[in-house]
Amino acid sequence: MSEEKRDAQALRDEYIDHMMNPRNYGKLDSPSAMGIGKNPNNGELVEIYLKIDGEIITDIRFQAIGCMSTIVTGSIFTDMIKGETIAEAEDVVEDFLKRIETAPPEQKACAEMVAKAFMAALLNLEERKCGKEAESYTLMISEDCITDEEE
């Protein structure tokens, strides 16, 4: 088996593993911040909850009303972010958004929803640091996940 085929198989295996056993799924009690990424066209959304200690993201969890691709992306994304500093996590998000630019529209919309939920959580964290009692912050996605069959 070629190295390229092994890499593709490893990615498929990772996707299936996250699909069958999503990491970090669920709500955090008393989060430091909460953000929502929302698709205004179909009501799908992702909620991300953060626990912050100093500048370290000590815990991150998510919930989603969306397709399996959204769940898998949330699982992979939160695994990448947990344990990082806020600055490191912002770099991860920037790289993540660049990497999805060429993805098919449905996958791009799901991934953007997860990233926007995280970015909204960071905005909520800043609001809370400034003394605002906002429970969460919401950002809308720019992509839509309507497939050809739905049009």
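Per our numbering, numbering of the sequence shown is gapless, rising by one per residue and ending at 169.
Note that beta-carbon positions come from the ideal geometry of N, C-alpha and C, so glycine has one too.
None of the values given here were measured: they were computed from a predicted structure.
Legend entry - Under 8 Å between C-beta atoms of Arg-146 and Ala-26: no
Inset, instruction - Classify Met-38 as helix, strand or coil using the three-state DSSP reduction. - result: helix
Inset, instruction - Pull up the DSSP beta-bridge partners for Val-64, would you. - result: Gly-55 and Ala-82
Legend entry - For Ile-94, three-class secondary structure by DSSP: helix
Inset, instruction - Can you grab the Cα-Cα spacing for the pair Thr-103 / Thr-96, in whole Å? - result: 13 Å
Inset, instruction - Determine, using beta carbons only, whether Leu-157 and Ala-138 come nearer to each other than 8 Å. - result: yes
Legend entry - Leu-157 - containing beta strand (DSSP E), residue span: 155-158
Legend entry - Extent of the continuous alpha helix (DSSP H) run through Pro-143: With the sequence shown as reference, residue 143 is identified as Leu, and Pro is not the correct amino acid for it. Leu-143 -> alpha helix (DSSP H) spans 123-147.
Inset, instruction - State the CB to CB distance for the pair Leu-46 and Lys-56, rounded to an integer number of angstroms; the pair is presumed to be in contact (CB under 8 Å). - result: At roughly 19 Å, the Cβ-Cβ gap does not stay under 8 Å, so Leu-46 and Lys-56 are not in contact.
Inset, instruction - Have a look at Met-98 and Glu-73 and give me their C-alpha separation to the nearest angstrom. - result: 16 Å
Inset, instruction - From the DSSP output, in three-state form, read off Asp-47 for me. - result: coil
Inset, instruction - Within 10 angstroms of the Cβ of Lys-150, are there 16 or more other Cβ atoms? Answer buried if so, exposed if not. - result: exposed
Legend entry - C-beta atoms of Glu-130 and Ile-159 nearer than 8 Å: yes
Legend entry - Bounding residues of the alpha helix (DSSP H) (the contiguous stretch that carries Ile-104): 104-117
Legend entry - Identity of the residues DSSP links to Lys-69 by a beta bridge: Asp-77
Inset, instruction - Can you have a look at Asn-142 and say buried or exposed, based on whether 16 or more other CB atoms are within 10 angstroms of its CB? - result: buried
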